[in-house]
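Residue numbers (UniProt numbering): 1 to 49.
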């Protein structure tokens with residue numbers, strides 16, 4: 001998808017780790033934003049309030 005497979009062994013490993021870390025940061029920020037927006041609503045819904 002990103003052409004990572006064309007890199008040599010060490011460069012491929014570094015690129016793959018970088019992509020995984022970037023994905024983790026995006027998911028962390030995305031889920032944090034969702035929690036900020038919908039967190040109180042979901043907790044109140046679960047409590048029956």
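Beta carbons are placed, not taken as given, at the ideal position from N, Cα and C, and that holds for glycine.
Have a look at the options and flag the residue whose alpha-carbon is nearest the alpha-carbon of residue i.
i	options	result
residue 20	8, 34, 4 and 35	4
Could you check the C-alpha separation between residue i and residue j for me, to the nearest Å?
i	j	result
residue 26	residue 36	15 Å
residue 49	residue 38	15 Å
residue 45	residue 34	16 Å
Quick one: give me the first and last residue of the alpha helix (DSSP H) that residue i is part of.
i	result
residue 45	9-47
Pull up the CB-CB distance for residue i and residue j, whole angstroms please, since I reckon it's below 8 Å.
i	j	result
residue 15	residue 7	6 Å
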